[in-house]
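Numbering-wise, our numbering puts 1448 at position 32 of the sequence shown, and it's gapless, one number per residue. For each residue, glycine too, the CB sits at the ideal point set by N, CA and C.
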Amino acid sequence: MDLNFVQADNSNLPKVDALMVAFFFKNNADYYAAELKHVKTTMFGRESYGDDAIGYVQLHREHGLCTLKCKMCPEHKVRSKA
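Okay, here's the thing in structure tokens:
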């Protein structure tokens, strides 16, 4: 855990609505590059995607600003090749 961060859980995470998510994707060049072509976005947007991909989340709140850090594992590393 980083200094001044606590482990995040359902009780201390900020509320995020669809407009906030859309604003993030619209303003982040990593997510609107031509190579995505909506295929990756759809795949990663599945409700169950993060269940296995997110390792842990930590949270820091200061002066009305909430900072989240997480460790993620891409799906191809999560699924077995059986």
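Looking only at its own chain, which residues have a Cβ that is under 6 Å from the Cβ of Ala1445, when we skip the five neighbours before and after it?
If the five residues before and after Ala1445 are omitted, its C-beta is found closer than 6 Å to no C-beta atom of its own chain.
Could you tell me if Ala1424 is buried or exposed, where buried requires 16 or more neighbouring beta carbons within 10 angstroms of its beta carbon?
Buried.
So, helix, strand or coil for Lys1485, using DSSP?
Note: Lys1485 maps to strand in three-state DSSP.
Beta-carbon contacts of Glu1478 that lie in its chain and below 8 Å, excluding the five residues immediately before and after:
Closer than 8 Å at Cβ, skipping near neighbours: Asn1420.
Leaving out the 5 sequence neighbours to the left and right, which residues in its chain are closer than 8 Å to Cys1482 when beta-carbon positions are compared?
These residues qualify, in order along the chain: Pro1430, Leu1475, His1476.
According to DSSP, is Leu1502 helix, strand or coil?
Examination of residue 1502 is not possible in this model, given that the chain is present from 1417 through 1498 alone.
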